[in-house]
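I have placed the structure first, in the form of structure tokens, so that the comments after it can refer back to it.
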Amino acid sequence: MGNLIRKIGQIKVLRKKLEARGHISHNEDKCTYCSLCEKKCPVDAISVAMEGKIWSIDNSVCIRCKTCVLNCPTKALDLKPNM
Numbered sequence: 003m004g005n006l007i008r009k010i011g012q013i014k015v016l017r018k019k020l021e022a023r024g025h026i027s028h029n030e031d032k033c034t035y036c037s038l039c040e041k042k043c044p045v046d047a048i049s050v051a052m053e054g055k056i057w058s059i060d061n062s063v064c065i066r067c068k069t070c071v072l073n074c075p076t077k078a079l080d081l082k083p084n085m
């Protein structure tokens, strides 16, 4: 039981560190909804639907690695600091 509690504590610390790195910002005007960010995301945190122009990110899953930002052909994504 002690190991489980320790692991939970480590996960909480990691989550706080990730949140401190900021959040992914999406610019609707630049986005073509090509889904490249969704395909490249190593943790499947992004969902894109060209029909209806829907883009979403699950911030509880996102690890702020910037893979989506670096692969976006229209520069519609950016890592912004949390305010």
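Taking the working numbering, the leading residue of the sequence shown gets 3, the next gets one more, and so forth. Note that beta-carbon positions come from the ideal geometry of N, C-alpha and C, so glycine has one too. Note that the structure is a prediction, hence the values are computed from the model and not measured.
Beta bridge counterpart(s) of residue i as assigned by DSSP
i, result
"leucine 6", "Partner(s): none; leucine 6 has no beta bridge."
"lysine 82", "His25"
"alanine 47", "Bridge partners of alanine 47: none, in fact."
Residue i and residue j closer than 8 Å at C-beta
i, j, result
"leucine 81", "glycine 4", "no"
Option in the options with minimal Cα separation from residue i
i, options, result
"isoleucine 48", "Thr76, Val71 and Pro83", "Val71"
"lysine 68", "Val45, Val50, Lys55 and Gly54", "Val45"
"serine 58", "Tyr35, Pro75 and Thr76", "Tyr35"
"aspartate 31", "Asn61, Lys42 and Lys55", "Lys55"
"aspartate 60", "Glu40, Thr76 and Met52", "Glu40"
Residue i classed as buried or exposed, judged by whether at least 16 other C-beta atoms fall within 10 angstroms
i, result
"isoleucine 26", "buried"
"leucine 79", "buried"
Euclidean distance between Cα positions of residue i and residue j
i, j, result
"serine 88", "cysteine 43", "Outside the displayed span of the chain (3 to 85) sits residue 88, for which this structure offers no information."
"asparagine 84", "leucine 38", "25 Å"
"lysine 77", "asparagine 29", "8 Å"
"valine 50", "isoleucine 65", "18 Å"
"arginine 8", "asparagine 73", "36 Å"
"cysteine 33", "proline 75", "9 Å"
"glutamate 53", "leucine 6", "43 Å"
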